[in-house]
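In my numbering, the protein residues as written are 61 to 323.
This is the structure we're talking about:
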């Protein structure tokens with residue numbers, strides 16, 4: 061029992077330090093900037109039809125605010141989640157792994173090692189899948205745990221799901237992939253539909269409106285970029301992203317209405 065408590069306390073400290081590390085490196089990545097270019101400048105080197113408009117990446121501020129609440133909560137500095145230890149035991153080392161993957165991705169990306177960055181992005185995605193599943197398997201969830209733990213990871217997981225698609229797209233552009241002769245517009249339409257179906261799956265199976273809303277936000281960024289930067293020259297992407305956003309928003313509204321009617 062004492063050993064279990066000691067491990068939980070160690071994880072609480074390491075989780076908090078891992079969060080601080082992610083914040084510091086992310087700030088320095090664009091302030092210095094690491095590798096001589098900002099994150100956005102690297103993305104601009106590999107133009108494609110899926111990358112969202114720049115403003116969409118402001119969601120990182122919301123995600124990191126949520127993760128800050130998680131870091132404080134699991135450390136026992138916020139009330140309501142069993143002093144944080146029950147959550148810490150369930151998540152285990154996965155948050156630390158995700159944080160190391162996040163930081164490693166930044167270095168790979170900023171030093172223009174795009175293929176390597178995909179590896180770290182996939183590692184980040186896999187670790188978040190593990191965290192998400194473990195949180196879903198928890199039987200009792202307090203209101204504090206919902207807002208300080210589940211919601212932040214739903215936002216984080218949702219955005220990394222989109223970021224993984226975008227990262228792979230950039231990697232394919234970097235190696236001059238010809239798309240098997242299929243036009244970039246068609247591939248982008250397919251990718252948007254996959255993201256939309258993924259969000260609907262999480263909405264239906266887990267009632268996760270936050271995951272769905274993050275996907276909708278990302279697709280709105282794609283739509284806005286196509287209406288402005290591309291001036292609507294790819295109508296397939298415009299109409300598909302618009303329809304996907306509408307479907308997701310309606311799905312969220314219906315899910316919220318249904319959940320309230322059942323309570």
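Using N, Cα and C, we set each Cβ at its ideal position, and we do this for glycine too.
Going by Cα to Cα distance, which pick from the options is closest to residue i?
i, options, result
"residue 101", "166, 64, 147 and 63", "166"
"residue 253", "107, 222, 203 and 84", "222"
"residue 225", "282, 288 and 159", "282"
"residue 306", "280, 178 and 322", "280"
"residue 183", "260, 154 and 284", "154"
"residue 145", "171, 67, 197 and 114", "67"
"residue 136", "237, 204, 91 and 255", "204"
"residue 104", "92, 196, 65 and 234", "234"
"residue 278", "289, 259, 291 and 292", "259"
"residue 77", "99, 132 and 91", "132"
"residue 304", "318, 257 and 262", "257"
"residue 255", "114, 302 and 320", "302"
Does the Cβ of residue i have 16 or more other Cβ atoms within 10 Å, making it buried, or fewer, making it exposed?
i, result
"residue 112", "buried"
"residue 274", "buried"
"residue 169", "buried"
"residue 126", "buried"
"residue 107", "exposed"
"residue 243", "exposed"
"residue 134", "buried"
"residue 240", "exposed"
"residue 227", "buried"
"residue 289", "exposed"
"residue 285", "buried"
Would residue i and residue j qualify as a contact pair, given that the criterion is a beta-carbon distance under 8 Å?
i, j, result
"residue 296", "residue 249", "yes"
"residue 75", "residue 156", "yes"
"residue 161", "residue 180", "yes"
"residue 71", "residue 176", "no"
"residue 271", "residue 217", "yes"
"residue 16", "residue 229", "In the structure as shown, the chain starts at 61 and stops at 323, and residue 16 therefore has no counterpart that could be examined."
"residue 85", "residue 163", "yes"
"residue 174", "residue 231", "yes"
"residue 79", "residue 116", "no"
"residue 185", "residue 213", "no"
"residue 245", "residue 171", "no"
"residue 119", "residue 247", "no"
Can you give the beta carbon distance from residue i to residue j, rounded, assuming they're within the 8 Å contact cut?
i, j, result
"residue 308", "residue 264", "Rounded, the Cβ-Cβ distance is 12 Å, inconsistent with contact."
"residue 315", "residue 267", "6 Å"
"residue 201", "residue 194", "Going by Cβ atoms, the distance from residue 201 to residue 194 rounds to 12 Å, so no, they are not a contact pair."
"residue 123", "residue 215", "5 Å"
"residue 287", "residue 298", "7 Å"
"residue 159", "residue 81", "6 Å"
Of all Cβ atoms in chain D, is any one closer than 8 Å to the Cβ of residue i?
i, result
"residue 86", "Of the chains in the structure shown, none is chain D; there is only one protein chain."
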